[in-house]
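Protein chains in written order, with the numbering used here: chain S, 182 to 805; chain Z, 182 to 805. First up is the structure itself, then whatever we jot down about it.
There are 2 protein chains.
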Amino acid sequence: MVQPKLYGYAGKILWADLSTKTYKVIETSIELVKNFIGARGFGAKLLWDYMKPGIDPFSSENMIIFSVGPLAAVGAHSTSKFFVSFKSPLTGTYFRSVGGGNFGAEMKLAGYDAIIVVGKAEKPTYLWVQDDVIEFKDASHVWGAITTHTTEILLKETDRDAKLVTIGPAGENVVRFASIQTDDTRSAGRGGGGAVMGSKNLKAIVVKGTGKPELYNEEEFEKLVEEQLDLYHKNPTFHSFRSLGTASVVYLFYTLGHFPTYNFKQLELDNVERFKPEVLATYVVKTGSCYNCAMECWHFFKTSKGPYAGIIWDKPEYETLWSFGGVLGVTNLEAIMYANMLCDIYGLDTISAGVAIAFAYELYEKGILSKSEVDGLDLRWGNLEPAFELIRKIALREGIGNILAEGVARAAEIIGRGAERFAMHGKGLEIPAYDPRSAKAHGLSLATSNIGASHMIGWNTYEISGFPEKVDPFTIEGKGALAKKVQDTTTIYEAIGFCLFPRTMIPLDLASRMLYAATGIEEFKDIQYLFLVGERIYNIERAFNVREGFTRKDDTLPERFLREPVPRIPSKGQVFELDKLLDDYYIARGWDVNTGIPTGRKLEELGLQYVAEELAKLGRLPVG
Amino acid sequence: MVQPKLYGYAGKILWADLSTKTYKVIETSIELVKNFIGARGFGAKLLWDYMKPGIDPFSSENMIIFSVGPLAAVGAHSTSKFFVSFKSPLTGTYFRSVGGGNFGAEMKLAGYDAIIVVGKAEKPTYLWVQDDVIEFKDASHVWGAITTHTTEILLKETDRDAKLVTIGPAGENVVRFASIQTDDTRSAGRGGGGAVMGSKNLKAIVVKGTGKPELYNEEEFEKLVEEQLDLYHKNPTFHSFRSLGTASVVYLFYTLGHFPTYNFKQLELDNVERFKPEVLATYVVKTGSCYNCAMECWHFFKTSKGPYAGIIWDKPEYETLWSFGGVLGVTNLEAIMYANMLCDIYGLDTISAGVAIAFAYELYEKGILSKSEVDGLDLRWGNLEPAFELIRKIALREGIGNILAEGVARAAEIIGRGAERFAMHGKGLEIPAYDPRSAKAHGLSLATSNIGASHMIGWNTYEISGFPEKVDPFTIEGKGALAKKVQDTTTIYEAIGFCLFPRTMIPLDLASRMLYAATGIEEFKDIQYLFLVGERIYNIERAFNVREGFTRKDDTLPERFLREPVPRIPSKGQVFELDKLLDDYYIARGWDVNTGIPTGRKLEELGLQYVAEELAKLGRLPVG
């Protein structure tokens with residue numbers, strides 16, 4: 182059957198097998214498009230379809246999928262993110278990690294809606310994709326190299342205008358939270374995608390494209406992009422993001438009870454005013470943006486003091502100002518900038534790295550790890566110098582770094598002696614800079630998220646920033662439905678390929694009109710249809726985890742949140758009421774309350790009968 | 182008077198005044214060309230003509246001149262070096278520093294045989310030269326930045342295909358041995374040109390050229406380039422340089438009594454076999470070359486261990502393998518590579534930095550500097566870790582680094598307590614990796630060189646490598662004439678713009694024919710004429726120093742060489758017989774033996790009457 186022409190999409194998916202050094206090109210099917218839109222949706226569906234259950238994330242049977250959406254590289258702003266989907270070595274779950282920069286647009290221009298990499302190369306390899314020409318090239322000469330030097334060398338030997346994703350030494354050494362880097366300073370950081378690449382001996386994917394996807398209604402689309410820009414310029418968020426990106430909210434969020442301090446003990450942070458936007462702004466020397474994004478939220482900071490003087494590097498974002506700042510009791514901005522750069526060049530997720538280091542700091546404070554067990558480093562709160570060493574040790578798996586490289590959940594098991602009390606993770610993913618006790622629907626998302634404790638899966642603007650309307654963050658009533666709503670909405674935007682920072686400026690109505698103008702697919706005009714797709718994707722991700730054995734018991738958070746009340750305002754006295762919140766959430770989701778597993782009815786309602794059937798075969802579908 | 186068309190040359194000199202933000206373009210005159218050829222010759226002559234005597238090298242009255250030769254960017258190999266001429270803040274003498282990479286060719290293509298920068302900018306500035314369009318641009322955003330990040334940012338905001346020279350934090354902080362960097366890893370390292378730029382608030386010169394100099398006889402020139410390549414390929418030197426550059430000779434030179442150890446104490450070096458070519462070769466992951474150079478002597482090494490793992494950086498050259506190796510008793514190759522990179526990114530001459538650090542190590546060993554005086558660092562021979570800190574401290578002028586940043590001669594004065602015995606310099610320039618006791622004509626050049634103890638001013642292949650014929654390195658007979666001959670020959674090659682590494686493969690006869698085919702200037706066909714020019718340039722450089730007050734007393738070397746016999750073979754028992762050698766040299770030079778000043782007769786013979794007259798006016802010309 183010949184399918185109708187696909188507008189907006191590249192129309193092809195590249196399937197590259199490292200074991201055999203062969204590849205094939207698959208048509209992007211209209212069914213896939215209609216049911217999953219693209220980007221995150223494609224990743225989730227392809228993983229469900231092709232991934233064998235129960236495999237070790239480091240086995241050659243794991244897959245790593247890079248996918249973009251129908252609005253990538255077609256002239257819209259903030260819509261060219263690439264999504265990386267794989268089974269995470271950190272969580273054992275389905276995972277989606279998101280990267281910015283220019284790689285996503287370039288793979289679309291090269292003709293691919295997705296690049297699927299399977300198998301394992303015999304020796305270090307990189308994939309060189311020039312439109313239809315695919316090469317498996319030797320990467321031995323850059324194996325072991327930091328990401329910046331790798332990038333320089335690979336672009337020199339391919340095409341200086343090509344774009345790439347690469348891993349650093351951390352990915353090669355299968356550090357479970359190794360990142361995938363692009364454009365030097367951008368990361369698809371979370372979940373260990375870099376380690377999956379490393380386990381496959383895949384150092385990089387370099388792409389150069391010369392094509393351009395055709396749009397269904399170019400003229401209309403251009404008007405909508407103007408409308409998008411107009412909305413941007415009228416919105417105060419746009420201007421604050423342009424001036425300082427996510428770093429602009431650090432001080433504010435601290436006052437809201439987030440930006441947790443001292444490994445989530447949540448003590449007052451001395452000198453926290455160093456994170457005020459007016460202080461941070463003094464470090465900016467240059468701005469930049471991802472592919473075609475008017476937000477221009479890149480801000481290069483210049484350091485001038487100490488052992489890290491003279492560096493100009495993209496600023497630490499909100500999360501990194503925290504993961505090498507608040508969570509360690511540190512407010513030395515230049516030191517944080519240096520730690521950020523070290524993570525980028527070694528290829529480490531800054532959130533997991535910082536939380537793993539905070540875990541070590543607290544174990545050292547509590548006497549659970551002795552000085553000799555932390556390789557003689559003096560891990561005092563507020564002092565970031567030893568963290569520089571720890572970053573390198575983690576990336577190279579040396580000494581204590583070899584334990585922390587496993588992530589806090591596994592590290593706590595290895596260390597024993599009650600260490601797990603201080604391992605701040607959800608499903609193995611280190612917790613980011615939000616306190617579930619200070620925003621209950623947001624916390625519910627951290628607890629239930631299909632990729633572990635991610636802040637982006639259900640970033641709850643209702644509770645955190647009062648958008649689109651203010652909801653009391655401490656109450657637990659109605660939070661199940663609210664968490665679901667935000668998760669599903671987020672999923673829609675991510676299936677289109679939107680960056681989540683500007684998305685509060687783009688109503689779903691506009692997103693829908695853009696989708697239709699780009700693709701001509703009637704269904705995309707209907708917002709209820711989009712919600713159905715969002716929920717479908719969310720449920721197939723959940724089903725992936727169910728197939729792997731995950732249930733309600735895994736939707737949890739560390740004891741610290743469940744038992745210890747927050748000691749500082751405005752959340753003083755709050756704990757996270759896990760069980761009540763979970764019940765409420767599963768009901769809102771139409772999932773079985775006892776197991777947290779989607780019911781057959783829900784799956785059927787979402788057009789996921791084949792998923793229900795497979796789960797039923799495995800005996801995992803709830804009865805009734 | 183309209184001068185005849187100049188072939189081979191760009192025909193113009195750019196004169197940029199930072200104080201007034203104005204510039205002018207001067208014609209490259211036929212007289213300048215005939216009398217000084219280009220490159221080093223232009224620098225020497227222009228400095229003599231335009232530099233006011235007696236000024237402080239850091240005053241706005243100092244000049245910095247970038248010049249290239251007639252064979253730059255016209256298709257010949259290894260002839261596009263750029264020469265940087267200025268009054269050195271390290272030595273107080275005339276100075277010429279030499280850089281490779283692509284900058285020299287680019288300034289020629291932009292239309293300039295030389296760029297002269299004078300004055301001082303009010304705030305950090307860079308010069309942006311696009312052919313005839315000259316801009317003085319704000320560099321505040323990159324002031325304080327390391328060289329690599331500066332390069333990335335400036336090329337992004339000008340033209341990605343432009344070439345630049347830049348300084349790092351060391352130059353800005355007027356470290357007296359700050360380098361000028363180009364193409365990230367290439368340096369015009371010696372003499373503190375970077376500090377002169379820094380004192381002028383000049384962060385960089387960025388150049389993009391679209392022109393091409395016309396040749397007198399293009400067809401003939403192309404044949405000569407083929408002849409050049411043919412000679413290259415037939416020569417074993419070519420192949421050893423291609424395989425490992427100057428690093429290939431480290432182990433050999435150690436066995437010849439060079440590659441001095443432990444701040445020139447010349448003790449045996451344990452594990453010296455780590456410097457054997459076959460070991461070094463295992464680190465190479467990539468090669469490269471300066472503009473149009475078949476030598477391709479760039480070799481990028483990859484490190485894989487310790488705190489400096491994952492770096493891919495151009496290899497430490499012979500001198501740097503020594504200045505962070507032998508002279509500190511270090512044989513940890515990966516640590517040396519890291520120190521080399523630190524110097525490149527902070528903008529420090531690796532030779533002076535290493536020797537300054539060795540000076541601190543020996544003072545620490547002797548108890549002249551206490552541990553607290555070296556900021557608590559444990560400066561044990563063989564341990565390079567503290568040197569990483571010292572490199573940063575020197576660049577940033579922190580603590581002991583602020584003293585070492587003055588160079589060993591001034592540092593010894595500041596420290597006192599007999600420190601000068603261990604300050605290894607000639608005229609203030611830190612001594613490179615040769616032992617004057619192990620090669621007397623070479624040593625004579627170190628002692629008499631117009632730029633201080635440089636190994637390149639009279640690199641004596643007769644003594645060191647037996648080329649073009651073997652001369653006993655220990656005898657002192659005839660060494661004055663030999664030193665003169667090598668110095669003058671070197672000057673000819675450098676006035677043409679040749680790189681000195683491949684020049685032993687290019688007979689002067691071929692160089693002369695290339696010069697003629699390129700320029701059509703009859704005189705250049707005559708090798709005796711070229712020798713006259715070489716000697717002329719050498720003498721005008723000397724006269725510059727005489728004008729500044731330098732005499733025979735300054736042509737000296739540290740006591741260690743004059744009094745302490747070498748303890749290891751093959752030079753065991755040798756000292757450097759300074760006085761006898763100097764007498765012999767001055768006589769060979771036709772200079773006054775008492776003062777070491779060129780006689781009026783010699784200057785007249787060289788067509789330098791105007792120089793003789795000026796020196797006579799100052800009462801500095803020897804009588805008789």
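Note that beta-carbon positions come from the ideal geometry of N, C-alpha and C, so glycine has one too. Here the structure is a predicted model, which means the values were calculated and not measured.
Query                                                                                                                   : Result
Inter-residue Cα distance where the pair is S:T670 and S:R573                                                           : 38 Å
Burial state of Z:D230 (16 or more Cβ within 10 Å)                                                                      : exposed
Nonlocal neighbours in the same chain, by C-beta distance under 7 Å from Z:E242, ignoring five residues either side     : K233 and I236
Contact list for the segment 510-534 of chain S against chain Z, Cβ threshold 8 Å                                       : I526 and Y527
Bounding residues of the alpha helix (DSSP H) (the contiguous stretch that carries S:H414)                              : E399 to K415
Residues that S:G349 contacts on chain Z, provided the C-beta gap is smaller than 8 Å                                   : G491
Of the listed residues S:K651, S:I645, S:S646 and S:H623, nearest to S:I638 (C-alpha basis)                             : S:H623
N-terminal and C-terminal residue of the beta strand (DSSP E) that S:V249 is part of                                    : That residue, S:V249, is in no beta strand (DSSP E); it is neither H nor E in DSSP.
Backbone CA spacing between Z:G491 and Z:P803 [nearest angstrom]                                                        : 59 Å
Same chain, Cβ closer than 6 Å to Z:E145, neighbours up to 5 away in sequence not counted                               : Missing from the structure shown is residue 145 of chain Z; chain Z here goes from 182 to 805 and no further.
Sequence-distant residues of its chain with Cβ nearer than 6 Å to S:G285 (five each side left out)                      : V249, A253, S261, K262 and F263
Environment of S:P567 [buried if 16+ CB atoms lie within 10 Å]                                                          : buried
Contacts that S:A326 makes with chain Z (C-beta to C-beta distance below 7 Å)                                           : K483, G491 and I493
Top-ranked residue by Cα proximity to Z:Y545, from Z:D530, Z:G715 and Z:W562                                            : Z:W562
Rounded C-alpha distance that separates S:G392 from S:Y190                                                              : 11 Å
Nearest-angstrom Cα separation, counted from Z:L502 out to Z:T512                                                       : 9 Å
Reduced DSSP category for Z:F705 - H, G, I as helix; E, B as strand; rest coil                                          : helix
Beta-carbon gap between S:V453 and Z:V466 smaller than 9 Å                                                              : no
Spatial distance of Z:Y697 from Z:I334 (CA atoms)                                                                       : 41 Å
Backbone secondary structure at S:I677 - three-state DSSP                                                               : helix
Residue-level contact to chain Z via CB, S:I612, 9 Å cutoff                                                             : no
DSSP state of S:V126 mapped onto helix, strand, coil                                                                    : With chain S covering 182 to 805 only, the question about residue 126 of chain S has no answer from this structure.
Amino acids of chain Z, ordered along the chain, whose beta-carbon sits closer than 9 Å to that of S:P748               : Simply none; closest approach about 38 Å.
Test: Z:K384 CB closer than 9 Å to a CB of chain S                                                                      : no
Beta-carbon proximity check, S:R694 vs S:L410, cutoff 9 Å                                                               : no
Paired residues, beta bridge with Z:Q362 - DSSP                                                                         : Z:T347 and Z:S368
Cβ of Z:L577 within 9 Å of any chain B Cβ                                                                               : Of the protein chains in this structure, namely S and Z, none is chain B.
Counted within 10 angstroms of its Cβ, other Cβ atoms place Z:D707 as buried (16 or more) or exposed                    : exposed
Contact set between Z:K467 and chain S, taken where Cβ atoms lie within less than 9 Å                                   : H322, V323, I334, K337 and E338
Chain-ordered chain S contacts of Z:R367 [CB-CB under 7 Å]                                                              : Here the premise fails: no neighbours, minimum Cβ distance about 15 Å.
Residues in the segment 566-594 of chain Z having any Cβ partner in chain S nearer than 9 Å                             : F569, E570, R573, A576, L577 and E579
Minimum C-alpha distance to Z:S278 - residue among Z:T463, Z:T700, Z:T685 and Z:A225                                    : Z:A225
Residues of its chain near S:S368, where Cβ-Cβ distance is below 6 Å and the 5 sequence neighbours each way are ignored : S360 and Q362
Rounded straight-line distance, which links the Cα of S:C478 to that of S:S424                                          : 7 Å
Residue interval of the beta strand (DSSP E) (run including Z:E316)                                                     : V314 to D319
Beta carbon proximity, Z:R723 to chain S, threshold 9 Å                                                                 : no
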